[in-house]
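Following: one structure in structure tokens, then a few remarks.
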Amino acid sequence: MTELEIDSLVKRFDDVIAVGGVSLTVKAGSLVALLGPSGCGKTTTLRMIAGLEQPTAGDIRFNGESVLPLQPEKRNIGMVFQRYVLFPHMNVAGNVGFGLRMRRLPKAEIAERVREVLEIVQLDGFERRFPSQLSGGQQQRVAIARTVITNPRVMLMDEPLSNLDAKLREEMRAFITDLQKRLQITTLFVTHDQVEAIELADQIGVMFDGNLVQFGTPEEIFNRPRTSRIADFMGATNLIVGTLERKGDGESVLTTSVQKLRVGHAPPHPVGSEVVATVRPEHIDLFPAAAGGDCAENCFSAAIEEAVYYGGTVSYQVRSGDFSLQIKDRSTRRFARGEGVIVRLNPENLWVFPEVGGEREAV
Amino acid sequence: MVSTRKRLPAPPQPGPRQHLLKRFYIPLMLAPVVVVFSSLFLGSLIVALLQSFGYAPLYNVDEFPTVRHYSQLISAPGFWQSVGLTFYYAIVPTIIGTAFSVYLALALRRRFYGKALFNYIYKLPLMIPYLVGVALIILLFANGGLIARTLFQLGLIESTRDFPRILLSHGGWGIMIVYLWKQIPFTTLIVFSVLIGLGPESEEAALTLGASRWQTLWHVTLPQIMPGIVSATIIVFAFNFGSFEVPFILGAKISPFTLPVEAWRAFDDADYTRRLRAMAIVMVISLISSLLLISYLSLYRFYERRRGRV
Ligand SMILES: Nc1ncnc2c1ncn2[C@@H]1O[C@H](COP(=O)(O)OP(=O)(O)OP(=O)(O)O)[C@@H](O)[C@H]1O
Ligand SMILES: [Mg+2]
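These protein sequences, in sequence, are chains A and B. Quick note on the numbering used here: the first sequence kicks off at 16 and runs consecutively. Quick note on the numbering used here: the second sequence kicks off at 6 and runs consecutively.
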């Protein structure tokens, strides 16, 4: 198994800095998702690892050994492209066996391996079909089969699911996790879909504008984003500005324009500094105004400004003073527009950004 | 609330006349082209065909039907040499030119110093008539031409006569150089466009799968640009096979001549009735090149079918 290490990788195209010094490690056999908005340099990073693009600076190492001197065909990586890129003039067997044919393995062995791999991707019986005769999902499985057959040291996947419809995407997601766990291939997976990243990855690297801004487990990125921009990208749109105070017993309290809020964890900011906290829309509790008495802490009354029903959840916009919060409620209870409610922010779900001021620029 | 939605009128049903119009719409639109094309092409072909079988009231000849002109042509001394020579001048530059053009088109995708200029210059012969190419070749390669004189001045040959005979010989290098001069840009342009349309992705996929540059070219690039190569070679070969003025001016002045030159010589004869033989030659040329193109195309289709395209 191979550990992939990217060290201060930079790529400059003329006057564009596509990747501006990214460092990360994909542990042997694990799957890391590179998550970021369009144009942040994800594909460029993958292409440098594959050897299709020369880095301007930095190093790429497999098990501690630099692969920069190696041509792409010598790196023994597997790359799955967004648009599949199957060879249209070869049938499925031809596509899947391609890597082994280029390595001049005996014909019988290739046929045997092709059969095995097609079975793994559940495409046995499709050997004679041509790419144009396959569905999108089937094409993508051929593309994956074509790379795993060569036992790549590192697997690179560039938004392999973005061309599939929602249902198929879910199936393929499960399929890829399964395959990756079974074959234990070190994998770097590029996506701009946070749900996909959270579901697939052992660790997530978030990239903005060519820089890696946070690297951690899906749980960390989801619940403890480092900046408001990451929080926003991860779907946490609620920002609460306040001044940090501490109580005697080490508890932190956020003084906001509406209410004093107790926060479960707070970074060691100096007392009195202005900070930004976030809470995910699905982590906020709503009660009818009448039930107000039961609520002990971090509660305040608010009015429903907007209520939109999506299958299974209701999305509310509530306001209290200059607080405006988005809330996703999965319960069967409905509040009407204009109705008064009690909002509770569980201290455990309130997350204060580690940067003072919370890097509020891009919200 | 008042409904603002209005009732939509029913869509017009196509009447019988509209049906007719629809059915004949495309043939009608094509009619002008078809008429011009068929009167020019089919008309002259039919006249040539009739004349070659002995029907030419214009020259007071009416032996229709006779195959005399064909049998005389085929049994004439040097006929098969003519056929061989025509093939030779057509095939050699087609093969050399295609190989060179593919190489050039591949090179043009890369970055190199002076690419913009080269990109412009290489297309120039496309805009210059063949005859200018012929003149250039004579200026350069004739025994009294620039190259021979330069070599003589440099003392590399003892007299300009020692310069190898490139023009007016059955080796035909002068002819083939003109063809290449014109056709390499043409084939390069076609192959290059196909390459650009193909994009780099499938080659990159091949590289990441462990194929060397050479294997990638052979197994991934060439098969995919084959349609472009086939179309270009068909056009180039057909042109070379039927070309008249280039071998007429630059070819040897003694028999054998290429078939088109033979046809012209027969046509240009003081004896009008020889024109019937010229028509027989024209028919033979057309027959050979269509047979060749058909077999080449069906071979290519067979190749494509084996690769799963239709
Ligand atoms: N060959 C190139 N020449 C110049 N600029 C490039 C080139 N390739 C990429 N870029 C630029 O580099 C930046 C990063 O591009 P990249 O393709 O890596 O983004 P990405 O994160 O993969 O985006 P997406 O999610 O849309 O695929 C972009 O601003 C892009 O315009
Ligand atoms: Mg991309």
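Cβ coordinates follow ideal geometry from the N, Cα and C atoms, glycine included.
- From the beta-carbon of I92 of chain A, the residues of chain B found nearer than 8 Å are T213.
- K182 of chain A has its CB no nearer than 7 Å to any heavy atom of ligand 2.
- Secondary structure of Q220 of chain B (DSSP, three-state): helix.
- Under DSSP, Q229 of chain A takes part in a beta bridge, and its partners are A:V221.
- As the crow flies, the alpha-carbon of P232 of chain B is around 12 Å from that of S198 of chain B.
- In the DSSP assignment, K57 of chain A falls within the unbroken alpha helix (DSSP H) covering 57–65.
- By a beta-carbon distance limit of 8 Å, L215 of chain A contacts L46 of chain A. Their separation comes to about 6 Å.
- DSSP, read as helix, strand or coil, puts E289 of chain A in strand.
- Within 7 Å of the CB of V100 of chain A, the CB atoms of chain B belong to E206, S207, A210, in sequence order along the chain.
- Here L200 of chain B really is in contact with R114 of chain B; their C-beta atoms are around 6 Å apart, less than 8 Å.
- Shown here, A251 of chain A sits in coil according to DSSP, grouped into three states, outside any helix or strand.
- The Cβ of A65 of chain A sits closer than 8 Å to at least one Cβ of chain B.
- Boundaries of the beta strand (DSSP E) harbouring S335 of chain A: 328–335, taken from the DSSP string.
- In the structure shown, M105 of chain A falls within a coil segment according to DSSP collapsed to helix, strand and coil.
- In the same chain as L24 of chain A, and ignoring 5 residues on each side of it, the C-beta atoms closer than 8 Å to its own belong to V34, G36, V37, S38, T60, M63, P70, A72, G73, D74, I75, in chain order.
- Listed by position in the chain, the residues whose beta carbon lies within less than 7 Å of some heavy atom of ligand 2 are A:K57, A:T58, A:Q97, A:D173, A:E174, A:V205.
- By the rule that beta-carbons nearer than 8 Å mark a contact, A121 of chain B does not touch chain A.
- Membership of A104 of chain B in the alpha helix (DSSP H) is indicated by the continuous run 84–113.
- For the pair of segments examined, the region 113–130 of chain B was found to touch the region 186–195 of chain B: the number of CB pairs separated by less than 8 Å reaches three.
- Short note on A121 of chain B: C-beta not closer than 7 Å to any heavy atom of ligand 1.
- Looking at the backbone, the Cα of E267 of chain B and that of I182 of chain B are separated by about 22 Å.
- Per DSSP, K187 of chain B is one residue of the alpha helix (DSSP H) stretching across 178–203.
- Residue-level contact by beta carbon holds for E88 of chain A and chain B, with a gap shorter than 8 Å.
- The beta-carbon of T202 of chain A is placed no less than 8 Å from the nearest beta-carbon of chain B.
- Taking the Cβ of A33 of chain A as the reference point, at least one heavy atom of ligand 1 falls within a distance shorter than 7 Å.
- Counting along the chain, L46 of chain A sits inside the beta strand (DSSP E) bounded by residues 46–50.
- At least one heavy atom of ligand 1 lies less than 7 Å from the C-beta of F28 of chain A.
- Taking C-beta separations shorter than 7 Å and ignoring five residues to either side along the sequence, the partners of Q86 of chain A in its chain run G66, following chain order.
- Here the distance from the Cβ of G54 of chain A to the nearest heavy atom of ligand 1 is below 7 Å.
- Between L138 of chain A and R156 of chain A, the C-beta gap is smaller than 8 Å, which places the two residues in contact.
- By the C-beta criterion, the region 329–347 of chain A is judged to be in contact with the region 299–318 of chain A, since at least 3 inter-stretch pairs fall below 8 Å.
- Identification of residues in the region 115–131 of chain A having a C-beta nearer than 9 Å to some C-beta of chain B yields L115, R116, M117, R118, given in sequence order.
- Using a Cβ-Cβ distance cut-off of 8 Å, the region 267–282 of chain B and the region 37–53 of chain B are not in contact, since fewer than three pairs of beta carbons, one from each stretch, lie closer than that value.
- In the three-state DSSP reduction, S291 of chain B falls in the helix class (H, G or I).
- Not one heavy atom of ligand 1 lies closer than 7 Å to the C-beta of G112 of chain A.
- F253 of chain B sits in a helix when the DSSP states are folded into three classes.
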